[in-house]
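Every letter in the sequence shown is one number past the one before it in my numbering, and letter 267, counting from 1, is 268.
All C-beta atoms, glycine included, are put in the ideal place defined by N, C-alpha and C.
All figures in this text were calculated on a predicted structure; none of them were measured in a lab.
Report on the structure given below.
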Amino acid sequence: MELTIQQQLEKLEHKPTTSRSKTETFQLAQELLKKMTLAEKIGQMFQLAPPEANVEGLKWEHREENSSAKLICEGKVGSILSVTDSETIFKLQKLAVEQSRLGIPLFFAADMIHGCRTGFPINLAMACSFDPDLIERSCRQIAYEVAHTGLNLTFSPMVDLVRDPRWGRVMESNGEDPYLNSQLAAAYVRGYQQGDYSSAYSVAACCKHFVAYGAAEGGREYNTVDMSERELRQHYLSGYKACADAGVASFMTSFNIYDGVPATANKFILRDILRNEWQYDGFVISDYTSSYEMIDHRTARDAREVALQSIVAGLDHEMVSMTYLEHLEELVISGEVEESLIDEAVIHMLQFKYQIGLFDDPYKHLYADREQYMRLPETLNLAKEAALKSVVMLKNDNQTLPLAKQKQKIALIGPLADSNQVVGAWGSLARNEECVSLLSGMKSLIGGENILHTAGCDILGNNRDGFAQAIAVAKSADIIILAVGEDQSMSGEAKSRAYLNIPGVQNELAQALKALNKPLIVIVFSGRPLELGWYAENSDAILQAWFLGNESGSALASILFGDSNPSGKLAMSFPYTVGQIPVYYNQYNTGRPSPNGEYSEYRSCYIDVPNYPLYPFGYGLSYSKFEYMDLVIDKKVLAAAQQLTVSVKICNTSEISGEEVVQLYIKCKNFSVARPNRELKRFKRVMIPTNCSKIIEFTIDKSDLAYYNAEMKSTPENRDYIIYVGSDSNADLSAEFSYLS
Ligand code: GLC
Numbered sequence: 002m003e004l005t006i007q008q009q010l011e012k013l014e015h016k017p018t019t020s021r022s023k024t025e026t027f028q029l030a031q032e033l034l035k036k037m038t039l040a041e042k043i044g045q046m047f048q049l050a051p052p053e054a055n056v057e058g059l060k061w062e063h064r065e066e067n068s069s070a071k072l073i074c075e076g077k078v079g080s081i082l083s084v085t086d087s088e089t090i091f092k093l094q095k096l097a098v099e100q101s102r103l104g105i106p107l108f109f110a111a112d113m114i115h116g117c118r119t120g121f122p123i124n125l126a127m128a129c130s131f132d133p134d135l136i137e138r139s140c141r142q143i144a145y146e147v148a149h150t151g152l153n154l155t156f157s158p159m160v161d162l163v164r165d166p167r168w169g170r171v172m173e174s175n176g177e178d179p180y181l182n183s184q185l186a187a188a189y190v191r192g193y194q195q196g197d198y199s200s201a202y203s204v205a206a207c208c209k210h211f212v213a214y215g216a217a218e219g220g221r222e223y224n225t226v227d228m229s230e231r232e233l234r235q236h237y238l239s240g241y242k243a244c245a246d247a248g249v250a251s252f253m254t255s256f257n258i259y260d261g262v263p264a265t266a267n268k269f270i271l272r273d274i275l276r277n278e279w280q281y282d283g284f285v286i287s288d289y290t291s292s293y294e295m296i297d298h299r300t301a302r303d304a305r306e307v308a309l310q311s312i313v314a315g316l317d318h319e320m321v322s323m324t325y326l327e328h329l330e331e332l333v334i335s336g337e338v339e340e341s342l343i344d345e346a347v348i349h350m351l352q353f354k355y356q357i358g359l360f361d362d363p364y365k366h367l368y369a370d371r372e373q374y375m376r377l378p379e380t381l382n383l384a385k386e387a388a389l390k391s392v393v394m395l396k397n398d399n400q401t402l403p404l405a406k407q408k409q410k411i412a413l414i415g416p417l418a419d420s421n422q423v424v425g426a427w428g429s430l431a432r433n434e435e436c437v438s439l440l441s442g443m444k445s446l447i448g449g450e451n452i453l454h455t456a457g458c459d460i461l462g463n464n465r466d467g468f469a470q471a472i473a474v475a476k477s478a479d480i481i482i483l484a485v486g487e488d489q490s491m492s493g494e495a496k497s498r499a500y501l502n503i504p505g506v507q508n509e510l511a512q513a514l515k516a517l518n519k520p521l522i523v524i525v526f527s528g529r530p531l532e533l534g535w536y537a538e539n540s541d542a543i544l545q546a547w548f549l550g551n552e553s554g555s556a557l558a559s560i561l562f563g564d565s566n567p568s569g570k571l572a573m574s575f576p577y578t579v580g581q582i583p584v585y586y587n588q589y590n591t592g593r594p595s596p597n598g599e600y601s602e603y604r605s606c607y608i609d610v611p612n613y614p615l616y617p618f619g620y621g622l623s624y625s626k627f628e629y630m631d632l633v634i635d636k637k638v639l640a641a642a643q644q645l646t647v648s649v650k651i652c653n654t655s656e657i658s659g660e661e662v663v664q665l666y667i668k669c670k671n672f673s674v675a676r677p678n679r680e681l682k683r684f685k686r687v688m689i690p691t692n693c694s695k696i697i698e699f700t701i702d703k704s705d706l707a708y709y710n711a712e713m714k715s716t717p718e719n720r721d722y723i724i725y726v727g728s729d730s731n732a733d734l735s736a737e738f739s740y741l742s
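Take a look at the structure:
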C-alpha cells in the first residue's frame with residue numbers, strides 16, 4: 002500500500018548538500034542545458050502560483066488546461082510561489098523530480114520578511130534598532146524556521162528607500178536614510194544566507210523591489226516613480242547595491258516604471274546597472290504579474306511583446322503571469338529572440354538550484370513534524386530583544402516613565418490595550434493568538450490587581466459608547482496608559498493612506514481622558530509614522546510601538562516598568578501633518594532657506610507649519626541621560642589616501658545604564674551640485690553604564706564624502722566639510738575639515 006505523504010516525509014533522509022563554487026555550478030548548468038528542449042528551458046523561467054498558494058491580491062486565472070500537475074510534469078515550471086505547507090511542497094516536488102522528463106527540481110519561495118512561525122517586529126521597527134548585528138542574528142534565526150518549512154528562498158529583504166508614510170509598505174522598509182538602509186540590507190542577506198547555501202539552516206534571499214519602488218508618487222501603491230539618475234544613484238540604489246555586494250541570491254523587479262520604462266523590462270537598471278556595473282550574477286525575478294502589467298502601463302501591446310521586452314531587458318524568471326510560457330518559444334523560432342538570451346536566463350536559474358543543493362536533495366528543508374523546530378526559546382528571546390530595541394520613546398516629561406511596579410492604580414485604556422493583532426503586515430506563519438498583548442505583558446510583570454482595563458472604543462468607526470466606562474475607569478486610577486493606533490491591516494501592500502491620523506474616535510477618547518488631568522502615557526501601534534501632534538502637546542510620555550510581533554506585550558511592559566531601557570531611534574521622520582510630505586532629514590538647502598525651518602517671509606517654508614518634522618530621523622529618548630563632548634578630529638585636511646579619525650566623549654549622567662546610538666553626519670559646505678544639509682555616514686550602538694563615559698571613535702575616508710557631482714561622477718571634490726556627532730539628525734556638536742585630493 003502506498004505510503005501517505007506524511008509517512009513519506011517521515012522516511013525522508015536528507016543527503017548532505019555540496020557547497021559548490023560559481024564555476025562548478027556554471028559548468029553543471031551548462032551540461033544540463035545541452036539536454037534541454039527549448040520548451041523545457043522556458044519552463045525554468047516560470048514561477049507558478051498553484052491553487053494551494055496563499056497569495057492575496059489579484060488572482061491570475063489559470064486556464065483549465067494549465068493545471069499545476071500538468072505544467073509541472075511537462076517540465077514547464079521552475080519554481081512555486083507561496084506554498085508553505087510541507088505536504089503540498091513534497092507533493093509538487095515529487096511530481097517535478099519523478100514525472101518530468103529531466104527531473105529538474107522546483108524551488109519554493111515565499112515572503113518570510115520579518116519572521117516565519119515566530120513573529121519579529123515589522124522591518125521599519127527593527128530598523129529603529131540601528132543594529133545590523135541584531136538584524137543578522139534575527140535573520141539567522143528566521144532562516145532556521147524557514148529552512149524547516151520546505152522553502153528555499155524568502156522574498157526579503159525589501160530595501161526600497163522610503164520618504165512617504167502614506168505608502169503602506171514603509172512598514173517593510175529600512176526607512177529614509179541611504180546609509181542605514183545599506184548597512185541593514187547587507188545584514189539581512191548575511192543572516193538569511195550565512196555565506197553557505199549548503200547549510201541545512203540557511204535560505205536564499207531576494208533583494209526587492211528593484212528599483213526605487215519606495216518613491217511611488219503620492220505614496221500611492223503601484224504608482225509612478227520619476228526621478229533623476231543622480232537621485233536614483235545617490236539615494237535610492239544604496240540598499241540594492243549592498244545586497245548585491247553581500248551576494249544576495251536574487252533580485253525582484255518592481256511594479257513601477259523608472260524613467261518611463263517598467264522596471265521589469267528596463268535594460269538600464271537590469272543590464273547596465275545590475276549586470277554590467279555591479280557584475281551581479283544571481284537571477285532576476287519579476288514581481289507578481291509585473292511583467293504582464295506592462296500592457297496596462299501601455300508600454301507593450303500584448304503578452305507577446307511583454308515577453309520580448311522582458312527577455313531582452315534581462316528578466317530571468319516570470320512570477321505567475323505566463324507570457325514567457327506562452328510566447329517565448331515562438332519568439333525564438335521566429336528569430337526575434339536569440340536562444341542565447343534564453344540560455345543565459347536558464348543558466349542563472351539552474352546555477353541557483355545547484356548552488357542551494359536541490360539536485361543533491363530536492364526535499365531539502367522538508368520535515369515530517371516541523372513544529373518542533375518553530376518558536377524555540379532562543380527564537381522567542383531574540384524576537385523580544387528585537388522588540389525591545391525597536392520601541393522608540395518619543396516623549397517622557399518629568400521622568401513619567403519608568404513606572405514603579407507597585408504603588409499605583411493603572412487605567413489601561415484603548416483598542417490596542419489588549420489586542421494581539423500585533424504581528425503586522427506580511428506576518429507569514431506567525432499567529433496573532435500567539436502574540437503577547439500589552440495587557441498580558443503587564444499582568445505577567447506586575448500582576449493584575451493594580452490594572453483596570455477597558456478598550457473605550459474600537460480602532461475604526463465612530464462608536465463612542467465605551468467612553469463613559471473608560472472615563473470612569475480612569476477616574477479611579479492614578480495614571481492612564483492609552484494604547485492607540487492603526488489596525489495592522491492598514492499598512493502593507495495596497496494599503497496607502499491619504500491621511501495619517503490615528504483613525505476612528507481614538508483621538509476624541511484621548512482628549513476626554515486628558516480632561517481628567519492625570520498622568521497620560523500613550524503607546525502608539527502603527528505600521529508607519531502617524532500624526533502625533535496632539536499627543537506631543539498633551540501627553541506626558543509616548544512610546545512608538547509599531548507592530549512588534551510575538552513578544553510585543555512583554556517587551557512593552559519591560560520598558561514601561563524599567564526592566565528595559567528604551568534605545569530605539571527613528572528610521573523615518575514623523576511629520577506634523579500629511580501636508581508636509583515629503584519631509585525627511587537629508588533635504589537640500591534651497592536658494593531661500595528659512596533660518597530655522599520656521600515661517601519667514603519669502604523664504605522656503607509654509608505659512609502654517611514648520612519645515613521640520615515633529616520627530617526627526619535618528620531621534621529617540623532613553624531613561625539614561627547622554628551628554629556629548631570633546632569632539633576631536635585628527636586632521637584638518639584629509640588627503641585621498643588618508644582616513645579621518647573622529648572621536649567623541651559621551652557621558653551617561655544618569656543613574657540608569659543604557660544603550661545609545663551615536664550618529665555621525667557630514668555636511669558638505671558647497672559642491673558642484675546641491676547636497677543635503679546632513680548625510681548620515683556612521684552610527685554605533687554603545688552601552689554606557691550609569692555615571693560613566695566612553696570615548697567613541699569613527700574613521701571615514703574619501704569614499705564617505707563622495708557624491709554624484711555635476712559630471713555624474715561620484716567624488717568628494719576638493720571641498721570643505723563639517724562633521725556632526727550626536728544622538729539624532731539635529732546633532733550640533735561639530736568639527737570642520739577639508740578634503741584635498
Ligand atoms: C507581492 C509583492 C512582493 C512579494 C510578491 C510575492 O505583490 O509586491 O513584495 O514578494 O508579491 O508574494
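Beta strand (DSSP E) segment containing residue i, residue limits
i: residue 207; result: 205–211
i: residue 413; result: 411–414
i: residue 727; result: 721–727
i: residue 700; result: 694–702
i: residue 738; result: 734–741
For residue i, the first and last residue of its enclosing alpha helix (DSSP H)
i: residue 683; result: Counting along the chain, residue 683 falls outside any alpha helix (DSSP H), though it belongs to the beta strand (DSSP E) covering 680–689.
i: residue 669; result: Unbroken run through residue 669 is the beta strand (DSSP E), 659–669; no alpha helix (DSSP H).
i: residue 36; result: 23–36
i: residue 240; result: 239–246
i: residue 447; result: 439–447
i: residue 10; result: 6–12
Through-space distance from residue j to residue i, alpha-carbon basis
i: residue 381; j: residue 561; result: 20 angstroms
i: residue 663; j: residue 630; result: 12 angstroms
i: residue 513; j: residue 519; result: 11 angstroms
i: residue 448; j: residue 441; result: 9 angstroms
i: residue 377; j: residue 369; result: 17 angstroms
i: residue 438; j: residue 632; result: 43 angstroms
i: residue 730; j: residue 681; result: 8 angstroms
i: residue 457; j: residue 158; result: 38 angstroms
i: residue 711; j: residue 674; result: 6 angstroms
i: residue 242; j: residue 322; result: 28 angstroms
i: residue 203; j: residue 288; result: 23 angstroms
i: residue 188; j: residue 137; result: 5 angstroms
i: residue 726; j: residue 280; result: 35 angstroms
i: residue 269; j: residue 315; result: 10 angstroms
i: residue 451; j: residue 443; result: 10 angstroms
i: residue 186; j: residue 229; result: 23 angstroms
i: residue 87; j: residue 264; result: 33 angstroms
i: residue 245; j: residue 251; result: 9 angstroms
Per-residue burial, residue i [other beta carbons within 10 Å of its own, 16 or more giving buried]
i: residue 549; result: buried
i: residue 477; result: exposed
i: residue 238; result: buried
i: residue 733; result: exposed
i: residue 351; result: buried
i: residue 580; result: exposed
i: residue 330; result: buried
i: residue 696; result: exposed
Problem set entry | Sequence ranges, beta strand (DSSP E) only - wholly within the region 473–556, length at least 3 | For the region 473–556, the continuous beta strand (DSSP E) assignments of 3+ residues that do not extend past its boundaries occur at 480–486, 521–526, 542–545, in sequence order.
Problem set entry | Segment contact, 8 angstroms Cβ cut-off, at least three pairs: the region 64–79 with the region 418–426 | Contact between the region 64–79 and the region 418–426 is absent, because fewer than three Cβ pairs lie under 8 angstroms.
For this session: Pair every Cβ in the region 701–709 with every Cβ in the region 145–163, then say whether three or more of these pairs are closer than 8 angstroms.
Result: Output reads no: the region 145–163 does not touch the region 701–709.
Exercise. With a cut-off of 8 angstroms, do at least 3 Cβ pairs link the region 383–395 to the region 550–558?
Worked result: Touching, per the Cβ criterion.
For this session: Check whether the region 427–434 touches the region 102–116, taking contact to mean three or more Cβ pairs, one atom from each stretch, closer than 8 angstroms.
Result: Under the Cβ criterion (8 angstroms, minimum of three pairs), the region 427–434 counts as touching the region 102–116.
Problem set entry | Cβ contact check for the region 40–50 and the region 483–500: 3 or more pairs under 8 angstroms | With a cut-off of 8 angstroms, the region 483–500 and the region 40–50 do not count as touching, because too few Cβ pairs lie within range.
For this session: Would you check if there are 3 or more beta carbon pairs closer than 8 angstroms linking the region 21–35 to the region 351–365?
Result: Segments in contact, yes.
Problem set entry | Continuous alpha helix (DSSP H) assignments of at least 4 residues falling wholly in the region 286–328 | Counting only runs of 4 or more, we get 295–298, 304–314.
Exercise. Of all the alpha helix (DSSP H) runs that stay within the bounds of the region 58–84, which reach a length of 4 or more residues?
Worked result: Segments of the alpha helix (DSSP H) lying fully in the region 58–84: 69–74.
Problem set entry | contact_flag[the region 125–142, the region 499–507] where n(CB pairs < 8 angstroms) is 3 or more | Taking 8 angstroms as the limit for Cβ pairs, the verdict is that the region 499–507 does not touch the region 125–142.
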